[in-house]
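Position in the sequence shown (from 1) plus 3 gives the number in my numbering.
C-beta atoms are modelled at their ideal positions from N, C-alpha and C, and glycine is treated no differently.
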Amino acid sequence: MAKLYFRYGAMGSSKTANAIMVQYNYQERGQNALMLKPRLDNRDGARVVGSRSGLTAPCRFVEEMDEFDLSAYNCIIVDEAQFLTKAQVQRLVDIVDDMDIPVICYGLRADFRGNLFEGSHWLMAWADTIEEIKTVCWCGRKATTNARLLNGRVVKSGEQIVLGGNESYVALCRKHWAKGELAPEEIRRISAGKEAYMPLLLEADPSEAMIRSYLDDSEFYALIARGRCVAVAVVLALGDGAFELKNLAVEEACRAQGYGSRLVRYLIRQLGGQADRLVVGTSPANVGFYERLGFVREGAIPHFFRDNYPEPIYEDGVALDDMITLSIKL
4 MAKLYFRYGA MGSSKTANAI MVQYNYQERG QNALMLKPRL DNRDGARVVG SRSGLTAPCR
64 FVEEMDEFDL SAYNCIIVDE AQFLTKAQVQ RLVDIVDDMD IPVICYGLRA DFRGNLFEGS
124 HWLMAWADTI EEIKTVCWCG RKATTNARLL NGRVVKSGEQ IVLGGNESYV ALCRKHWAKG
184 ELAPEEIRRI SAGKEAYMPL LLEADPSEAM IRSYLDDSEF YALIARGRCV AVAVVLALGD
244 GAFELKNLAV EEACRAQGYG SRLVRYLIRQ LGGQADRLVV GTSPANVGFY ERLGFVREGA
304 IPHFFRDNYP EPIYEDGVAL DDMITLSIKL
């Protein structure tokens, strides 16, 4: 007998990744699983669901589910189910009871103020099975709340629905949500919403066109201090056992405080099991920074800055020309 499932968790608990894997498991067994999401969620594209882990899958809108033959599907999966209306949850109940098709909903239980969303309210009331997908607060306790961030602070007033990712929300335990206390320092991998960090990326690479050429295909890491992003790093897999550090930027007011060094050391540890070395190309003024971290100079790319940027880039009053290359074994 089919059931209605509600699997909830705080932000960052891999709900969407779980939903995508469930769909994959059905498909692997030759069965059809329909992925749906509410129309208002357009963060990953109009008809795409995307996980912070980088997994993506095509989807349809919940609002469209009666426009095609649901009997062709062995399971219906709904992502971001907290945004459902009472009527939409009722429709899912009818699909389970009248068509004997299991429906698995993934979403948040409560908003940034600790109040239930409409969708989660009725899923909690009507679901046959309710399961928690767990994640942790920065302190190590179970995270149960979704804190909204504004200018590095936890806020508890405003519109209930404001779409955002790691730059706008963080999962906290009840204690730290109540106190508004954020992690003194943490490093997060960012898979969605990378463009929100463009102003900081431009401090290290003045060409937005150049940044866009590598941003989508790269791994992106942000160092967060007290809820505010103070440093970012972008690394690109080269396919020859190496990663390249394409961009390392530290907010101007936070330089000379060790943030850049700590972020690079984190990358060295994080990438160690994935590649043999980390390479970087930089200007002469930054060579000493990387050598202090253990990088070894490899050579230079002649006229890189002159040939790849429309305007001269000046460092200490001198126009940059050659790029210095360095690497470190992982």
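Cβ-based neighbour list, residue i, same chain, cut-off 7 Å, excluding 5 preceding and 5 following
{"i": "residue 96", "result": "7, 129"}
{"i": "residue 210", "result": "312"}
{"i": "residue 139", "result": "145, 146"}
{"i": "residue 98", "result": "73, 79, 104, 106"}
{"i": "residue 218", "result": "197, 237"}
{"i": "residue 308", "result": "316, 323, 324, 326"}
{"i": "residue 221", "result": "237, 238, 239, 249"}
{"i": "residue 125", "result": "89, 92"}
Residue range of the unbroken alpha helix (DSSP H) whose run includes residue i
{"i": "residue 268", "result": "262-274"}
{"i": "residue 121", "result": "121-129"}
{"i": "residue 19", "result": "18-31"}
{"i": "residue 330", "result": "Note, residue 330: premise wrong, no alpha helix (DSSP H); beta strand (DSSP E) at 326-332."}
{"i": "residue 89", "result": "89-102"}
{"i": "residue 211", "result": "211-218"}
{"i": "residue 305", "result": "Note, residue 305: premise wrong, no alpha helix (DSSP H); not H, not E."}
Classification of residue i by the beta-carbon crowding that lies within 10 angstroms, buried from 16 upward
{"i": "residue 148", "result": "buried"}
{"i": "residue 82", "result": "buried"}
{"i": "residue 9", "result": "buried"}
{"i": "residue 299", "result": "exposed"}
{"i": "residue 153", "result": "exposed"}
{"i": "residue 112", "result": "buried"}
{"i": "residue 41", "result": "buried"}
{"i": "residue 223", "result": "buried"}
{"i": "residue 161", "result": "exposed"}
{"i": "residue 43", "result": "exposed"}
{"i": "residue 84", "result": "buried"}
{"i": "residue 1", "result": "Outside the shown range of the chain, which is 4 to 333, sits residue 1, and nothing can be said about it."}
Proximity winner among the options, relative to residue i (alpha-carbon distances)
{"i": "residue 247", "options": "236, 254, 256", "result": "236"}
{"i": "residue 232", "options": "122, 201, 217", "result": "201"}
{"i": "residue 67", "options": "39, 215, 214", "result": "39"}
{"i": "residue 23", "options": "89, 32, 292, 54", "result": "54"}
{"i": "residue 266", "options": "242, 281, 226, 92", "result": "226"}
{"i": "residue 263", "options": "255, 160, 221, 251", "result": "251"}
{"i": "residue 331", "options": "51, 318, 278, 320", "result": "278"}
{"i": "residue 244", "options": "280, 222, 254", "result": "280"}
{"i": "residue 86", "options": "287, 120, 310, 71", "result": "120"}
{"i": "residue 171", "options": "50, 259, 191, 69", "result": "191"}
{"i": "residue 293", "options": "271, 28, 181", "result": "271"}
Cβ-based neighbour list, residue i, same chain, cut-off 6 Å, excluding 5 preceding and 5 following
{"i": "residue 186", "result": "141"}
{"i": "residue 305", "result": "325"}
{"i": "residue 18", "result": "12, 109, 136"}
{"i": "residue 214", "result": "204, 208"}
{"i": "residue 240", "result": "246"}
{"i": "residue 189", "result": "141, 227"}
{"i": "residue 116", "result": "159"}
{"i": "residue 63", "result": "39"}
{"i": "residue 297", "result": "331"}
Bridge-paired residues (DSSP) for residue i
{"i": "residue 189", "result": "227"}
{"i": "residue 68", "result": "Answer by DSSP bridge pairing: none, since residue 68 is not bridged."}
{"i": "residue 38", "result": "80"}
{"i": "residue 281", "result": "246, 331"}
{"i": "residue 148", "result": "175"}
{"i": "residue 317", "result": "322"}
{"i": "residue 300", "result": "329"}
{"i": "residue 156", "result": "153"}
{"i": "residue 239", "result": "247"}
Cutoff 8 Å; reference residue i; Cβ partners in own chain excluding five residues on either side
{"i": "residue 103", "result": "4, 5"}
{"i": "residue 274", "result": "238, 246, 281, 333"}
Bounding residues of the beta strand (DSSP E) (the contiguous stretch that carries residue i)
{"i": "residue 61", "result": "59-61"}
{"i": "residue 172", "result": "172-175"}
{"i": "residue 11", "result": "7-11"}
{"i": "residue 110", "result": "106-110"}
{"i": "residue 135", "result": "132-135"}
{"i": "residue 53", "result": "51-53"}
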